[in-house]
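Numbering of the sequence shown is given in the numbering used here, commencing with residue 1 and proceeding in unit increments.
The beta carbon of each residue, even a glycine, is placed where N, CA and C say it ideally should be.
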Amino acid sequence: MRILDKYILKQFMGPFLFGVAAFTAIFVGSDTLLKIAEYVTKYGASVTSAIKIFILALPSIVVYTFPMAVLLGSLMCFSKLSGSSELIVMRSAGQSFTRLAMPVFITAFIISIGAVAFNEFVVPWANHEYQLVLNVEIKRNMNPGVTDHVVLRDVQDGKIVHLLYARKYDPKAKTLSNITIQEFQDENLVRMENAPRAEWKNGNWVMEDGVIYDLTTEGVDRMMHFSNQVINYAESPDKIQKDQKKEEEMTIRELAQQVKAFESAHADTTGLVMEMNRRFSLPLASFIFALVGAPLGVQKQRSSSSVGFGISVVIIFLYYAVMTFAGALGRGHVIPPALSIWIPNIIAFITGVLLIRRASR
Numbered sequence: 001m002r003i004l005d006k007y008i009l010k011q012f013m014g015p016f017l018f019g020v021a022a023f024t025a026i027f028v029g030s031d032t033l034l035k036i037a038e039y040v041t042k043y044g045a046s047v048t049s050a051i052k053i054f055i056l057a058l059p060s061i062v063v064y065t066f067p068m069a070v071l072l073g074s075l076m077c078f079s080k081l082s083g084s085s086e087l088i089v090m091r092s093a094g095q096s097f098t099r100l101a102m103p104v105f106i107t108a109f110i111i112s113i114g115a116v117a118f119n120e121f122v123v124p125w126a127n128h129e130y131q132l133v134l135n136v137e138i139k140r141n142m143n144p145g146v147t148d149h150v151v152l153r154d155v156q157d158g159k160i161v162h163l164l165y166a167r168k169y170d171p172k173a174k175t176l177s178n179i180t181i182q183e184f185q186d187e188n189l190v191r192m193e194n195a196p197r198a199e200w201k202n203g204n205w206v207m208e209d210g211v212i213y214d215l216t217t218e219g220v221d222r223m224m225h226f227s228n229q230v231i232n233y234a235e236s237p238d239k240i241q242k243d244q245k246k247e248e249e250m251t252i253r254e255l256a257q258q259v260k261a262f263e264s265a266h267a268d269t270t271g272l273v274m275e276m277n278r279r280f281s282l283p284l285a286s287f288i289f290a291l292v293g294a295p296l297g298v299q300k301q302r303s304s305s306s307v308g309f310g311i312s313v314v315i316i317f318l319y320y321a322v323m324t325f326a327g328a329l330g331r332g333h334v335i336p337p338a339l340s341i342w343i344p345n346i347i348a349f350i351t352g353v354l355l356i357r358r359a360s361r
């Protein structure tokens, strides 16, 4: 790496790290601490549980603050270089703006890739543990009632073998309703079973009055009816609700399996599809915000750097406002769910390209 690249990267990393800390503190202070206060006053949460909640809430917050911090870092980096006329000297030496901004762009891209991995392996686990601490330790709610959209997975040697979807689970009656089971061989669907209900009897889930479809690549090969059939791999009633996860608690692989189960039962997959796309779009926003922030920092006058900072703050709010609005359109089936998640990034990317072209001139 050239000395100039190291220098520019150094100017970027300071504001970026400050942005991560500052924006995280804002999110924590405006939301997490208020929730913890509520849990302490309303449910009598212990100090240990409150500390657990605080720590487990941080990963999901950090993912949202990365793009903001990259925008702040890239903007302040080039604002400083521009305000001290260093950028003019660099440009006079024959360096294009795109070349000067390349170390920031590359770093932002690495941050995006790392955020994708962080969002896949750390955030879902932290969110799941957060819900366990909240429901078990704080609310002491071991049996919260009827659960909709139950999905049970039978995984062997890392491969999905059975995928069960039930429209509803009633813990009092210990019944599953509107069941669809998919059976796989080497990730290929070979059999499907449907039943209106299953009941917990003598330590087993027993489906009643169902139909089995043997499938080939050409369609249904054979259909059979059954009066009773045991589901050998299904979990006991006390584990079903405990192991059910919300969208934000699942990995991308689990979300994909959930979509497959919902589609087989003709259930609405909008929320799942949106969450899957969000796992990539939100981390990628860090790279896209670097494309926006770097050219915004290039100012002709030193006194105008604060104006650029103000514009960057507006961009942050506009981005999340568009994200909220587009997400509402996606959930309302006005536009495709996947598109609704990517619209903010598309708009920000186009804006960044236009700003870079202007700065290069």
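Residues bridged to residue i [DSSP beta-bridge criterion]
i, result
"A198", "L176, M207"
"N277", "BP columns for N277 are empty, so no partner."
"Q11", "Per DSSP, none; premise fails for Q11."
"A166", "V150, I179"
"R331", "Beta-bridge pairing links R331 to no other residue."
"M192", "Q182, Y213"
Opening and closing residue of the alpha helix (DSSP H) in which residue i lies
i, result
"I51", "47 to 83"
"R357", "337 to 360"
"S30", "Careful: S30 lies outside any alpha helix (DSSP H) and carries neither H nor E."
"E187", "Element bounds for E187: n/a, residue is neither H nor E."
"V89", "86 to 92"
Neighbourhood of residue i by C-beta, 8 Å cutoff - its chain only, sequence neighbours within 5 removed
i, result
"M68", "G19, F23, F289, I316"
"R91", "F97, L100"
"E218", "none"
"F184", "K159, I160, V161, H162, L163, V190"
"G210", "I179, E193, N194, A195, P196, H225, F226, Q229"
"V62", "V20, T24, F118"
"I311", "L296"
"M274", "G327, G330, R331, P337, A338, S340, I341"
Buried versus exposed call for residue i [16 or more other C-beta atoms within 10 Å across all chains shown]
i, result
"F262", "buried"
"V313", "exposed"
"A55", "Ala is not the amino acid found at residue 55; the sequence shown has Ile there. Exposed, by the Cβ-count rule."
"I26", "exposed"
"H225", "exposed"
"A363", "One cannot answer for residue 363 here, as it falls past the ends of the chain, which runs 1 to 361."
"M76", "buried"
"M223", "exposed"
"N277", "buried"
"A166", "buried"
"Q182", "buried"
"V45", "The residue asked about is misnamed: residue 45 is Ala in this sequence, not Val. Classification of A45: buried, given that the 10 Å Cβ count is 16 or more."
"V133", "buried"
"V220", "exposed"
"A328", "exposed"
"N407", "This structure cannot speak to residue 407, because the chain is shown only from 1 to 361."
"K52", "buried"
"G332", "exposed"
"F12", "buried"
"V104", "buried"
"L272", "buried"
"L17", "exposed"
"S49", "buried"
"N345", "buried"
"R2", "exposed"
"S413", "Residue 413 lies beyond the range of the chain shown here (1 to 361); nothing can be said about it."
Cβ-based neighbour list, residue i, same chain, cut-off 6 Å, excluding 5 preceding and 5 following
i, result
"R361", "none"
"P59", "V122, V123, A126"
"I8", "P103"
Check: residue i C-beta below 6 Å from any heavy atom of the ligand FMN
i, result
"W205", "Among the components of this structure there are no ligands whatsoever, and the ligand FMN is therefore not found."
Close-in-space but distant-in-sequence residues of the same chain around residue i (CB under 7 Å, 5 per side omitted)
i, result
"L152", "L164, A234, E235"
"Y43", "I138, K139"
"R302", "Summary for R302: the model assigns pLDDT 48, below 50, so the residue's position carries little reliability; its value from the coordinates is reported in the next sentence. Within the same chain, R302 has close Cβ partners G83."
"T269", "V259, F262, E263"
"S286", "F66, P67, V70, A108, I111, S112, A115"
"E86", "none"
"Y130", "I53, L56, A57"
"V334", "none"
Margin query: As an exercise, report each continuous alpha helix (DSSP H) stretch of at least 4 residues that is fully enclosed by the segment 97 to 164, in chain order.
Written below: 97 to 121, 123 to 132
Notebook entry, point to check: In chain order, which continuous runs of the alpha helix (DSSP H) of length 4 or greater are located wholly inside the segment 210 to 269?
Noted result: 237 to 243, 252 to 264
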